[in-house]
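In the working numbering, the protein residues as written are 36 to 159.
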């Protein structure tokens, strides 16, 4: 199935009006946003991820499972299918590829791999 998407949309709210289901929305966000953070407003770890990206000069698209969807459990199930296993929130995608959670993000940042991934995804 092909997805139509307005590339000028920068938030889940703008994209949601064009797509009708959560699976379509997630697929589109993952593949069209240079950096996507699937987070929860109730999660302090999500704040750490956003702060790191801010310090790097990157403005990620945020999909908050507490506020941007009606069924957070459905989203977690979909994410488990995408990732191959249940992953903790936040989940970070760069250039359409799953980076992982905070631990993987920090490991990639320390090794210098994250900056390369962000550059390849045109995230700056």
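By construction, the Cβ of each residue, glycine as well, lies at the ideal position given by its N, Cα and C atoms.
- Message: Give me the DSSP bridge partner(s) of residue 127.
- Response: Answer by DSSP bridge pairing, in chain order: 72 and 135.
- Proximal residues to residue 111 (C-beta, below 8 Å), its chain only, five neighbours per side dropped: Around residue 111: 100, 121 and 124.
- Query: Distance, Cα to Cα, residue 74 vs residue 95?
  - Reply: Spanning the two alpha carbons is a distance of roughly 11 Å.
- Message: Which of the three DSSP states is assigned to residue 97 in this structure?
- Response: In the structure shown, residue 97 sits in a strand (DSSP, three-state: E or B).
- Task: Please report how far the alpha carbon of residue 154 lies from the alpha carbon of residue 109, in whole angstroms.
- Result: So the alpha carbons of these two residues sit roughly 32 Å apart.
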